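See below for the structure under consideration.
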């Protein structure tokens, strides 16, 4: 069984400030971890992924996340927020392994990021 | 290259009716998954299909069913619609192979049940 908890359903930052979105996971097997972004009336776009290689993962648009097994966390950060970063962000987990059938994603409830001018 | 395409983009149905949602995966992708996203929540896994066979099922009632066609496109069917079925339904396509394979999402179908 696997689950994801995103702390903070709404986060507001000023343009140029640090963005920190929190994600904690639970998984009975080594996980794959993901961050997705969703703009209004659109589907999900993959920002970055952790698949058991480097623990610090760099993604698109300047975002990065660090996998911390001891803390069961995968927090998303960006050094300097831009107005275009305003969107909803979802953390997701899936079971690792070699079976293609183990590829279903379990999502957190999302964090709405507001960027203030 | 075309991404994942879903149709229709929006529809309104009445309680008790039946609905069919359609998805065409990215060319070369043989697996399709369906997710339900209720307003204010994260997506929830409904089904995964590969080579016309169900490979995974989430915790949804039997009113939900799906199928995959020889061209790898897919349909999601929901019978006896309830108000609570109102949601954004997302389709994701992926390769089906050992190890990690990324899921690419369509823009979704917004279903409103009145």
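Chains as they are written, first to last, in my numbering: chain A, 28 to 144; chain B, 3 to 116. Backbone N, C-alpha and C fix where the C-beta goes; we use that ideal spot for every residue, glycine too. Given the structure is predicted, the values throughout are model-derived calculations rather than measurements.
- Closest by C-alpha distance to residue 90/B, out of 7/B, 6/B and 11/B, is 11/B.
- Non-local C-beta neighbours of residue 28/B in its own chain, meaning closer than 8 Å and more than five positions away in sequence, comprise 3, 4, 5, 6, 95 and 106, ordered along the chain.
- At least 8 Å separates the beta-carbon of residue 76/B from that of residue 115/B.
- Proximity of chain A to residue 47/B at the Cβ level (cut-off 9 Å) is accounted for by 131, 132, 133 and 134, in chain order.
- For chain B, the residues of the segment 59-79 of chain A that bring a beta carbon within less than 9 Å of one of its beta carbons are 59, 61, 63, 65, 68, 69, 70, 71, 72, 73, 76, 78 and 79, in chain order.
- Annotated as proximal: residue 63/A and residue 72/A, with beta-carbon spacing under 8 Å.
- For residue 107/B, the residues of chain A that pass the 7 Å Cβ criterion are 70 and 71, in the order they occur in the chain.
- The residue from 114/A, 109/A, 32/A and 38/A with its alpha-carbon nearest to that of residue 67/A is 114/A.
- Around residue 43/B, the beta-carbon contacts reaching into chain A at under 8 Å are 136 and 137.
- In terms of beta-carbon proximity, residue 9/B stays away from the interface with chain A, with every pair separated by 8 Å or more.
- When only Cα atoms are considered, residue 83/A and residue 94/A end up about 6 Å apart.
- Assigned with DSSP and collapsed to three states, residue 58/B falls in strand.
- For residue 69/A, there is no enclosing beta strand (DSSP E), as DSSP gives it neither H nor E.
- With fewer than 16 other Cβ atoms from the protein chains shown falling within 10 Å of its own Cβ, residue 87/A counts as exposed.
- With 16 or more other Cβ atoms inside 10 Å of its own Cβ, residue 101/A counts as buried.
- Per DSSP, residue 32/B is not a residue of any beta strand (DSSP E), being assigned neither H nor E.
- Counting C-beta pairs closer than 8 Å gives three or more between the segment 62-74 of chain B and the segment 29-44 of chain B, which meets the contact rule.
- Less than 8 Å divides the Cβ of residue 92/B from the Cβ of residue 45/B.
- Distance from the CA of residue 38/A to the CA of residue 81/A, rounded to the nearest whole angstrom, comes to 27 Å.
- Remark: C-beta atoms of residue 45/A and residue 106/A approach each other more closely than 8 Å.
- At a Cβ-Cβ threshold of 8 Å, residue 117/A and residue 90/A do not count as neighbours.
- Exposure of residue 18/B is indicated by the presence of fewer than 16 other C-beta atoms within 10 angstroms of its C-beta.
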